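*Asks:* Numbering (my numbering), first residue to last: 474 to 762.
We treat Cβ as the ideally placed atom computed from N, Cα and C, and that holds for glycine.
Since the model is a prediction, treat every value here as computed from it, not as a measurement.
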Ligand SMILES: [Zn+2]
């Protein structure tokens with residue numbers, strides 16, 4: 474079963490993407506032992522990133538999404554490739570905040586004011602970089618604003634993470650709907666009126682609707698066409714070699730100092746927490762290169 478799909482609606486004049494990311498968000502929660510509000514925050518960013526990653530074409534294309542917030546979470550970083558391997562981490566994974574005035578996890582409060590940056594490395598000389606201010610820090614609104622101002626693509630973005638009483642992820646998912654330039658005005662009006670009234674993504678998922686049903690409801694077109702399906706998953710591509718680059722960036726002196734103090738130089742991958750250790754001979758080899 475694929476968990477992410479792309480669709481065309483209204484005679485190919487509207488495109489849509491939807492993802493059921495329940496297991497993906499549970500996995501990132503488990504890797505970093507995230508608090509509830511951070512699970513919702515990082516989960517939402519990973520959900521939208523997975524959907525954007527479906528627009529990457531080549532094997533080596535890479536997407537990086539960075540949110541720099543002034544709130545307690547700090548920064549959120551998510552990377553994805555065209556095979557939809559997704560990884561992410563935050564500065565402060567255990568932040569907890571009281572629920573907001575609507576009784577929901579206060580993602581906007583935990584992220585705070587700041588910026589959203591999208592970097593697409595698609596094999597050109599320079600990567601594509603788009604940045605905008607955060608609108609609310611609730612992620613869905615912020616990406617809708619980003620698509621509008623940075624990519625000139627009006628978009629509906631719905632994204633949600635529902636956490637159960639046991640602390641596990643009950644439902645997580647999202648969708649993006651984008652009218653293409655040839656889309657008729659009456660279709661755009663219809664999309665707007667539907668999406669103002671539509672329940673949240675997790676409420677729709679809780680009604681046991683699959684993503685096909687959700688897209689039919691969110692577009693109002695019962696004849697949507699599936700044009701792509703794939704599986705997005707949490708997967709890190711770290712290696713000894715990549716960690717060596719971190720040590721090189723650290724500098725020989727600093728690396729040797731840490732080694733001397735601790736007897737061993739151990740670094741762990743930010744994205745998956747896998748540990749890599751280096752001894753004196755390793756360091757010598759690295760800095761000889
Ligand atoms: Zn890793």
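Considering only heavy atoms of ligand 1, does any lie closer than 7 Å to the CB of residue 744?
*Replies:* Taking the first residue of the chain shown as 1, we reach residue 744 at position 271. Because some heavy atom of ligand 1 lies under 7 Å away, the Cβ of residue 744 counts as near it: yes.
*Asks:* Among 652, 512 and 495, which residue has its Cα nearest to the Cα of residue 630?
*Replies:* For the purposes of this step, residue 630 is taken as residue 157 along the chain shown, with counting starting at 1. Closest option to residue 630, Cα to Cα, is 652.
*Asks:* Does the structure place the segment 503 to 517 close enough to the segment 717 to 735 that three or more beta carbon pairs sit under 8 Å?
*Replies:* no
*Asks:* Residue 589: which of 568, 615, 572 and 598 sits nearest, CA to CA?
*Replies:* In the chain shown, counting from the first residue as 1, residue 589 sits at position 116. It is 615 whose Cα lies nearest to the Cα of residue 589.
*Asks:* Drop a sphere of 10 angstroms on the beta-carbon of residue 476, count the other beta-carbons inside from all chains shown, and report buried for 16 or more, exposed for fewer.
*Replies:* Within the chain shown, the letter at position 3 stands for residue 476. So residue 476 counts as buried.
*Asks:* If you draw a straight line from the alpha carbon of residue 489 to that of residue 516, how long is it in whole angstroms?
*Replies:* Working through the chain shown from its first residue, we reach residue 489 at position 16. Working through the chain shown from its first residue, we reach residue 516 at position 43. Using only the alpha carbons, I get a separation of about 20 Å.
*Asks:* As a quick exercise: from 722, 625, 536 and 620, pick the residue whose alpha carbon is nearest that of residue 601.
*Replies:* Taking the chain shown and counting its residues from 1, the one referred to as residue 601 is at position 128. In this structure, 536 is the residue among 722, 625, 536 and 620 with its C-alpha nearest to the C-alpha of residue 601.
*Asks:* By Cβ distance below 8 Å, which residues in the same chain neighbour residue 487 in space, the five residues on each side in sequence not counted?
*Replies:* Counting from 1 along the chain shown, the entry for residue 487 is found at position 14. The residues are 481, 650, 651, 652, 653, 656, 660, 664, 692 and 694.
*Asks:* Name the residue from 755, 491, 514 and 715 whose alpha carbon lies nearest to the alpha carbon of residue 642.
*Replies:* The residue labelled residue 642 in the question sits at position 169 within the chain shown. Of the candidates 755, 491, 514 and 715, the one whose C-alpha sits nearest the C-alpha of residue 642 is 514.
*Asks:* Would you mind working out which of 620, 734 and 534 sits nearest residue 598, comparing C-alpha positions?
*Replies:* Residue numbering aside, residue 598 sits at position 125 when the chain shown is read from its first letter. Nearest option by C-alpha distance: 534.
*Asks:* Quick check on the DSSP output: what are the complete beta strand (DSSP E) runs of length 3 or more inside the segment 652 to 721, in order along the chain?
*Replies:* Within the segment 652 to 721, the runs of beta strand (DSSP E) that reach at least 3 residues and sit entirely inside it are, in chain order, 698 to 703.
*Asks:* Does DSSP classify residue 586 as helix, strand or coil?
*Replies:* The sequence position of residue 586 within the chain shown is 113, counting from 1. Coil.
*Asks:* According to DSSP, is residue 527 helix, strand or coil?
*Replies:* For the purposes of this step, residue 527 is identified with residue 54 of the chain shown, where counting begins at 1. Correct three-state label for residue 527: coil.
*Asks:* Going by CA-CA distance only, name the one from 493, 703 and 518 that's closest to residue 528.
*Replies:* Indexing the chain shown from 1 puts residue 528 at position 55. Residue 703 is the option with its Cα nearest to residue 528.
*Asks:* In three-state DSSP terms, what is residue 639?
*Replies:* For the purposes of this step, residue 639 is taken as the residue at position 166 of the chain shown. In the displayed model, residue 639 falls within coil according to three-state DSSP, outside both helix and strand.
*Asks:* What number of angstroms, rounded off, separates the C-alpha of residue 603 from the C-alpha of residue 563?
*Replies:* Residue numbering aside, residue 603 sits at position 130 when the chain shown is read from its first letter. Residue numbering aside, residue 563 sits at position 90 when the chain shown is read from its first letter. Roughly 20 Å between the two C-alpha positions.
*Asks:* For residue 482, write down the residues that DSSP places opposite it in a beta bridge.
*Replies:* Stepping through the chain shown from its first residue, residue 482 is reached at position 9. BP columns for residue 482 point to 487.
*Asks:* Where does the unbroken beta strand (DSSP E) through residue 498 begin, and where does it stop?
*Replies:* Along the chain shown, one-based indexing puts residue 498 at 25. Not the beta strand (DSSP E): residue 498 falls in the alpha helix (DSSP H), residues 495 to 505.
*Asks:* Confirm the yes/no value for this check: CB of residue 709, any heavy atom of ligand 1, distance under 7 Å.
*Replies:* By 1-based counting over the chain shown, the position of residue 709 is 236. Yes - ligand 1 has a heavy atom lying nearer than 7 Å to the Cβ of residue 709.
*Asks:* Which word fits residue 484, buried or exposed, when buried means at least 16 other C-beta atoms lie within 10 angstroms of its C-beta?
*Replies:* For the purposes of this step, residue 484 is identified with residue 11 of the chain shown, where counting begins at 1. Per the 10 Å Cβ criterion, exposed.
*Asks:* Do you know how far the Cα of residue 632 is from the Cα of residue 613?
*Replies:* Counting from 1 along the chain shown, the entry for residue 613 is found at position 140. Counting from 1 along the chain shown, the entry for residue 632 is found at position 159. Distance between the alpha carbons of residue 613 and residue 632 is about 6 Å.
*Asks:* Residues bridged to residue 561 by DSSP?
*Replies:* Against the chain shown, residue 561 aligns to sequence position 88. Answer is 551, bridged to residue 561.
*Asks:* Which whole-angstrom value describes the C-beta separation of residue 646 and residue 495, a residue pair presumed to lie in contact below a C-beta threshold of 8 Å?
*Replies:* As a position in the chain shown, residue 646 is number 173, starting the count at 1. As a position in the chain shown, residue 495 is number 22, starting the count at 1. Right, their Cβ atoms sit about 7 Å apart.
*Asks:* Please report the distance separating the alpha-carbon of residue 708 from that of residue 550.
*Replies:* Here residue 708 refers to the residue found at position 235 when the chain shown is read from its first residue. Here residue 550 refers to the residue found at position 77 when the chain shown is read from its first residue. Looking at the two C-alpha atoms, the distance is approximately 14 Å.
*Asks:* Confirm the yes/no value for this check: CB of residue 714, any heavy atom of ligand 1, distance under 7 Å.
*Replies:* Along the chain shown, one-based indexing puts residue 714 at 241. No, Cβ of residue 714 sits at least 7 Å from all heavy atoms of ligand 1.
*Asks:* Give the single residue among 759, 754, 724 and 720 whose Cα lies nearest to the Cα of residue 741.
*Replies:* For this step, residue 741 is matched to residue 268 along the chain shown. Of 759, 754, 724 and 720, the residue nearest in Cα terms is 720.
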